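Counted the way numbering that gives the first Met the number 0 counts, the sequence shown spans residues 0 to 409.
The beta-carbon is built from N, C-alpha and C at its ideal position, and this holds for glycine as well.
Given the structure is predicted, the values throughout are model-derived calculations rather than measurements.
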Amino acid sequence: MATKAMTGTEALQTFLWEGVDKRGVTLKGEELGKNANLVKAELRRRGINPKKVAQKRANLFSKSGKPVTPKEVAIFSRQLATMIQSGVPLVQSFEIIAGGMSNPRFKEMLSAIKVDIEGGTTLNEALAKHPVQFDALYVNLVKAGESAGVLDIVLDTIASYKENIESLKGKIKKALYYPAVVIAVAILVSAVLLIFVVPQFEEVFKQFGAELPAFTQVIVSASRFMIAYWWAVLGIVLGTIFGFIAMKKRSRKFAEFLDRVALRLPVIGTILHNSAIARFARTLGITFRAGVPLVEALETVADATGSVVYSAAVNRVREDVSIGHQLNLAMRQTQLFPNMVVQMVAIGEEAGSLDTMLLKVAEFYEEEVNNMVDALSSLIEPFIMVFIGTIVGAMVIGMYLPIFKIAATM
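Listed below in C-alpha cells is the structure:
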C-alpha cells in the first residue's frame with residue numbers, strides 16, 4: 000500500500016486534490032499525506048488519476064487549533080468499538096472515522112495513527128504516541144483488550160467510563176463555579192457602582208453643603224480610591240489569580256495544601272471526597288475487569304482521582320499491595336476511604352468479584368455526588384441573594400442617608 004511508504008519524520012499535511020476516475024468523472028477532495036507524491040500514489044491506488052494536488056493553506060479563522068475534548072475521545076472509542084464488532088478492519092475503521100471527524104486536529108491525529116498501524120504498530124503503541132488525548136489508563140486498557148481479543152468490548156467500556164467521568168466532573172464544576180461566578184458578578188457590580196454611580200451622588204451632596212454621615216463618607220472615599228487606582232486594583236486581582244494558578248501547577252506541596260483545605264470545607268469537602276472515591280472505584284473496577292494486574296492498575300488509577308491527596312494515597316496503596324498486602328488493608332491504612340468502601344472491597348477480594356464491588360461503590364458515590372450538588376445549589380442560592388443584596392443595599396442606603404438627614408431638618 001502507498002501509505003506504507005510514508006516513513007521518516009515528516010508531519011502529515013492536508014492536500015486538496017482533483018482527479019478523474021475510471022468512468023471519466025471528475026472528483027475533488029482532501030487527503031492527508033506527508034507530501035504531494037505520496038498523495039498522488041494513494042489516489043492512483045484507489046483508481047483515481049490525479050490532475051491537481053496542492054497543499055491546503057491554513058485559514059486564519061479555521062478551527063485547526065481546537066483541542067481534542069474527552070467527549071470527542073469517548074465518541075471515537077464507541078465508533079471504533081462498533082466498527083470492530085461489525086468486522087470492519089482496524090485500518091479501514093480509522094480511515095472512516097477520520098473522514099467524518101469535524102475537528103481538524105483530531106482528524107489529523109487519527110490519520111497519523113492509521114499510518115502507524117499500517118506500518119505494523121499495535122493499536123496501543125500508536126495511541127501511546129498521543130499521551131494528551133490517550134493517557135496511560137486508556138493505553139493500558141486497549142493493550143489488555145488487544146491481548147485478550149476483546150478490543151471492541153474494552154473500547155465500548157472506555158467510552159462509557161469517559162462519559163461517566165465527564166458527567167461527574169461537570170457536577171463538581173457546577174458545585175464550585177456557580178457560587179464563585181455569582182460572587183465575582185457581585186464584586187463587579189459593586190465596582191461599577193463605586194466608579195460610575197457614587198460620583199453622581201457626590202456632586203449632589205456638594206450642592207447641599209451638608210456634612211456627610213460617616214457611613215456615606217466611607218462609601219465616597221472608597222469610590223474616590225477606585226476611580227484613582229482602579230488599574231492597580233485590577234492588576235492586583237489578576238496578578239493574584241494568575242499567580243495562584245501558576246503556583247498550584249508548579250508546586251505539588253501547594254496543590255496538596257489547597258486540596259486538603261478544600262476537602263475539609265463543609266459540604267464542598269464532602270462532595271470532593273465522594274467524587275474522588277467514585278472516580279477511584281470506577282477507574283480501578285474497569286481497569287481490573289479488563290485484565291490489567293492490580294499493581295499496574297493502581298499506578299494508572301492514581302492520576303484519575305482528580306485529587307492530589309487521593310492520588311498520593313493511591314500510590315501508597317499500590318506500594319503496600321506490591322509487597323503482598325490485601326487491597327482493603329492497604330486502603331484502610333490511608334484513613335481516607337470510608338469503612339463501607341473498605342468492607343465492600345474486602346468482600347470483593349474474598350469472593351473474587353473485586354471489579355463488580357468497585358463498580359457498585361462507584362455507582363453509589365456518583366449518586367451521592369449528584370444529590371449533594373443539587374442540594375447545594377438549592378441551599379446556596381438564598382445565601383448568594385443575601386450576599387448580593389447586602390452589598391448593593393448597603394451602598395444604596397449609604398447614598399440616601401444624607402438625603403434622609405436633610406429632609407429631616409427641613
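Three-state class that DSSP yields for residue i in the structure shown
{"i": "E17", "result": "strand"}
{"i": "G397", "result": "helix"}
{"i": "A53", "result": "strand"}
{"i": "K27", "result": "strand"}
{"i": "N48", "result": "strand"}
{"i": "L414", "result": "Absent from the model: residue 414. The displayed extent of the chain is 0 to 409, so no value can be given."}
{"i": "Q206", "result": "helix"}
{"i": "K359", "result": "helix"}
{"i": "G86", "result": "coil"}
{"i": "G99", "result": "coil"}
{"i": "V196", "result": "helix"}
{"i": "P381", "result": "helix"}
{"i": "V138", "result": "helix"}
{"i": "E68", "result": "The sequence given here places Thr at residue 68; Glu does not occur at that position. It is coil, neither helix nor strand."}
{"i": "Q216", "result": "helix"}
{"i": "G148", "result": "coil"}
{"i": "P131", "result": "At residue 131 the sequence reads Val, which differs from the Pro that was named. DSSP places V131 in coil when its eight states are reduced to three."}
{"i": "L211", "result": "coil"}
{"i": "T121", "result": "coil"}
{"i": "S250", "result": "coil"}
{"i": "R104", "result": "helix"}
{"i": "R223", "result": "helix"}
{"i": "R77", "result": "helix"}
{"i": "R43", "result": "helix"}
{"i": "R259", "result": "helix"}
{"i": "F60", "result": "With a pLDDT of 43 at F60, under the threshold of 50, the modelled position of this residue cannot be trusted; read the value that follows with caution. Coil."}
Residues bridged to residue i (per DSSP)
{"i": "G32", "result": "Q12"}
Neighbourhood of residue i by C-beta distance below 7 Å, restricted to the same chain and skipping five residues each side
{"i": "F403", "result": "none"}
{"i": "L264", "result": "none"}
{"i": "K65", "result": "N102, R104"}
{"i": "A275", "result": "T304, G305, S306, Y309"}
{"i": "A261", "result": "I267, G268, L271"}
{"i": "I413", "result": "Lying before the first or after the last residue shown, residue 413 is absent from the chain, which here runs from 0 to 409."}
{"i": "V372", "result": "K170, K173, A174, I270"}
{"i": "E219", "result": "According to the sequence shown, residue 219 is Val rather than Glu. Excluding sequence neighbours, V219 sits near V197, E201, L211."}
{"i": "H129", "result": "M108"}
{"i": "R313", "result": "Sequence check: residue 313 is Val here, not Arg. Closer than 7 Å at Cβ, skipping near neighbours: F279, L297, V300, A301, T304."}
{"i": "F75", "result": "I96"}
{"i": "L345", "result": "Per the sequence shown, the amino acid found at residue 345 is Ala instead of Leu. Correct list, in chain order: N327."}
{"i": "I112", "result": "F93, A125, L126"}
Close-in-space but distant-in-sequence residues of the same chain around residue i (CB under 8 Å, 5 per side omitted)
{"i": "R315", "result": "A329, Q332, T333"}
{"i": "L175", "result": "I267"}
{"i": "T8", "result": "Because T8 sits at a pLDDT of 42, beneath the cut-off of 50, its placement in the model cannot be relied upon, and the following sentence gives the value as read from the coordinates. So the list is empty, once near-sequence residues are dropped."}
{"i": "T156", "result": "L140, I285, R288, A289"}
6 Å CB neighbourhood of residue i in its chain, flanking five on each side removed
{"i": "L192", "result": "M394"}
{"i": "I164", "result": "none"}
{"i": "E17", "result": "K27, K50, K51"}
{"i": "K39", "result": "P49, V52"}
{"i": "M442", "result": "Residue 442 is absent from the model: the chain starts at 0 and stops at 409."}
{"i": "M343", "result": "M356, V360"}
{"i": "K21", "result": "G46"}
{"i": "R281", "result": "A361"}
{"i": "I379", "result": "P178"}
{"i": "F60", "result": "Residue placement at F60 cannot be trusted, given a pLDDT of 43 that sits under 50; what the coordinates show is reported in the next sentence. The answer is none, since no qualifying residue turns up."}
{"i": "K62", "result": "Bear in mind that the predicted position of K62 carries a pLDDT of just 45, short of 50, making it unreliable; the figure below should be weighed with that in mind. Cβ neighbours of K62 beyond the five flanking positions: none."}
Distance cut-off 8 Å: residue i Cβ against heavy atoms of the ligand FMN
{"i": "I379", "result": "In the structure on display, the ligand FMN does not appear, and there are no ligands present to speak of."}
Test: residue i CB closer than 9 Å to a CB of chain B
{"i": "V180", "result": "Absent here is chain B; the protein component of the structure consists of one chain."}
Next item on the list: Count the C-beta pairs between the stretch 253 to 263 and the stretch 341 to 361 that are closer than 8 Å, then say yes if the count reaches three, no if not.
Entry: No, the stretch 253 to 263 is not in contact with the stretch 341 to 361.
Inter-stretch contact at 8 Å, needing at least 3 Cβ pairs: the stretch 368 to 385 / the stretch 293 to 303:
When Cβ pairs closer than 8 Å are counted between the two stretches, the stretch 368 to 385 is seen not to touch the stretch 293 to 303, the count staying below three.
With contact counted as at least three CB pairs below 8 Å, one residue from each stretch, are the stretch 142 to 159 and the stretch 79 to 99 in contact? Flag = yes, the stretch 142 to 159 and the stretch 79 to 99 touch.
- Message: Quick check for students: name the residue ranges of the alpha helix (DSSP H) that lie wholly in the stretch 267 to 355, counting only runs of 4 or more.
- Response: As far as the stretch 267 to 355 is concerned, its whole alpha helix (DSSP H) runs of at least 4 residues are 267 to 288, 293 to 300, 307 to 321, 326 to 333, 338 to 350.
- Are there three or more Cβ pairs, one per stretch, closer than 8 Å when the stretch 69 to 78 is compared with the stretch 161 to 179? Between the stretch 69 to 78 and the stretch 161 to 179, the count of Cβ pairs shorter than 8 Å is three or higher; the stretches touch.
Count Cβ pairs between the stretch 112 to 129 and the stretch 39 to 57 that sit closer than 8 Å; are there 3 or more? Look at the beta carbons and you see the stretch 112 to 129 not touching the stretch 39 to 57: under three pairs across the two are nearer than 8 Å.
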